[in-house]
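Trainee: In the working numbering, the protein residues as written are 1040 to 1107.
We put the beta carbon where it would ideally sit given N, CA and C, even for glycine.
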Amino acid sequence: MRAIANLLTATILGTCLLLVATVSIQNITPLTLRFLTWESVEIPFGIVLTATLALGLLLGALLPLLKR
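1. State the DSSP-derived secondary structure class of L1122, mapped to helix, strand or coil.
2. What first and last residue would you give for the alpha helix (DSSP H) that runs through R1041?
3. Could you please give the first and the last residue of the uninterrupted alpha helix (DSSP H) stretch that includes T1091?
Here it is, written out as structure tokens:
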């Protein structure tokens, strides 16, 4: 049963990563991030999307550890 759960998790994660890669490749439009008076350099949307996804996955994995 554990092997099936691992396979399902890997399949879902792989599909999500494939979708993010596809969207990233198709959206290379540069954008500028603004926060109050701070403004970033122009970054392709795909990089922003990938970084946001990676940060969300990392924080999602670390939050249960902080609850203990």
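Mentor: On the basis of the data shown:
1. The chain is shown from 1040 up to 1107; residue 1122 falls before or after that span and cannot be answered.
2. Locating residue 1041 in the sequence shown gives position 2, counting from the first residue. Note, R1041: alpha helix (DSSP H), R1041 to Q1065.
3. Here residue 1091 corresponds to residue number 52 of the sequence shown, with the count starting at 1. Element bounds for T1091: F1084 to K1106.
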